[in-house]
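Here the structure comes first, spelled out in structure tokens, and everything after it is commentary.
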Amino acid sequence: YGLHVYGLIVCILIFSANFSYSQERLLFSAPMANAFANETEGRLEGPAVDLIKLLFRDYDVEVETVPLPWMRLLEYIKDGKIDAVAPIFYNAERARFISYSIPFGTHDTKVLVRRGHSFTFKKREDLIGFRGIAVRGRSEGEAFDRFSAEHLNLQKVNSLDQIIKMILKGRADYGIDKLYDIIAISNQLGVSDQIEILDMTIATNDNCIGFSKKSPFVRYIPQINKKILQLKKEGKIEEMVLNYVNGFKRN
227 YGLHVYGLIV
237 CILIFSANFS
247 YSQERLLFSA
257 PMANAFANET
267 EGRLEGPAVD
277 LIKLLFRDYD
287 VEVETVPLPW
297 MRLLEYIKDG
307 KIDAVAPIFY
317 NAERARFISY
327 SIPFGTHDTK
337 VLVRRGHSFT
347 FKKREDLIGF
357 RGIAVRGRSE
367 GEAFDRFSAE
377 HLNLQKVNSL
387 DQIIKMILKG
397 RADYGIDKLY
407 DIIAISNQLG
417 VSDQIEILDM
427 TIATNDNCIG
437 FSKKSPFVRY
447 IPQINKKILQ
457 LKKEGKIEEM
467 VLNYVNGFKR
477 N
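Counting in this note's numbering, the sequence shown runs from 227 upward without gaps.
What follows is the structure, encoded as structure tokens:
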């Protein structure tokens, strides 16, 4: 009888241990169709996903990706329905509901045009009078955002591939987006030989990881920052991005 009771107690303890442990799950999203993340079969893949998994690997955190349109992504992270987003850069409006890591890299914002239809572009004022196009909800830094709102004819669409297709059809004179994203998506569409990227850089912004202020994972930011510094010093993050961009193939 005593052995039976002992065996029962051991089974209960094992059962309780298995079910009392619960691995933390981080819900992550990213701007899609760019050099950092793309949707494949209902999940995200790319260097942004690889980076967040690498950063949380030592903390036994399960990362679950959630593909979302950009505007909905911002709503979700504001409401705490998403824990983290990357890449994202700082602006005062988003800082009300997002806590930021230190930058893990930078990106240059460029102007793209249809090949053979370039124009003089040495200062942002040179864009005045042309028909421009950019992704809805994106910010290129507070200074340029303010300038474009006041002076530019800038139509907004949902994605970079729309920008490229509209420019090639002559429905806009130029588009605005990030350099690596332009290279990646034009390669994917098979039209890299049909567009030009103008030399001048509109803005250079820091890429960060943004955590919802309602997320429990904000407590990891100090440890994440230390890991980012180490990875940057080793050149690992830039290597991940370049390998991904260069691997883009035509659909």
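Ideal Cβ positions, reconstructed from N, Cα and C, are used throughout, including at glycine.
query, result
"Pro442, DSSP secondary structure in three states", "helix"
"Three-way DSSP call (helix, strand, coil) for Tyr470 in this model", "helix"
"Inter-residue Cα distance where the pair is Ile278 and Asp334", "22 Å"
"Expected contact under 8 Å - CB spacing of Ala259 and Gly272 to nearest Å", "Not really, about 10 Å apart at Cβ, beyond 8 Å."
"Ala369 to Leu405 span [Cα, whole Å]", "19 Å"
"Inter-stretch contact (C-beta, 8 Å, three-pair minimum) for the stretch 301-318 and the stretch 336-353", "no"
"Top-ranked residue by Cα proximity to Asp276, from Asn472, Val471 and Ile463", "Ile463"
"Straight-line gap, Ile428 to Thr266 (C-alpha atoms, nearest Å)", "31 Å"
"Residue burial classification, Asn431 (beta-carbon count within 10 angstroms, cutoff 16)", "buried"
"Residues that Ile432 bridges to, as DSSP identifies them", "Sequence check: residue 432 is Asp here, not Ile. For Asp432, which the question treats as bridged, DSSP gives the partners Thr332."
"Secondary structure of Ile308, DSSP reduced to three states", "coil"
"Segment limits, alpha helix (DSSP H) that includes Asp419", "Neither: Asp419 is in no alpha helix (DSSP H) and is coded neither H nor E."
"For Lys440, the nearest candidate out of His377, Ala410 and Phe323 (CA to CA)", "Phe323"
"Rounded separation between Pro329 and Asn433 - CA only", "5 Å"
"DSSP three-state assignment for Ile408, whether helix, strand or coil", "helix"
"Spatial neighbours of Ser255 in its chain, beta-carbon cut-off 6 Å, leaving aside the 5 residues before and after", "Val292, Leu294, Leu299, Ile308 and Val311"
"Among Val289, Gly331 and Asp286, the one whose alpha carbon lies nearest that of Gln456", "Gly331"
"Contacts around Trp296, its chain only, beta-carbon distance under 6 Å, and the 5 residues preceding and following it disregarded", "Pro257 and Gly363"
"Outcome for Tyr247 when other beta-carbon atoms lying within 10 angstroms are tallied against a minimum of 16", "Per-residue confidence for Tyr247 stands at a pLDDT of 45, beneath the threshold of 50, marking its modelled position as unreliable; no derived number is given."
"Cβ-heavy atom distance, Ile435 to the ligand MN, below 6 Å", "In the structure shown, the ligand MN is absent, as is every other ligand, since no ligand is present at all."
"Assigned secondary structure, Tyr302 (DSSP; H/G/I helix, E/B strand, else coil)", "helix"
"Cβ separation of Ser412 and Gly306, assumed to be a contact under 8 Å, to the nearest whole Å", "No, Ser412 and Gly306 are not in contact; Cβ-Cβ is about 36 Å, not under 8 Å."
"Arg362 - DSSP class collapsed to helix/strand/coil", "coil"
"Alpha-carbon to alpha-carbon, Tyr446 and Ile393", "43 Å"
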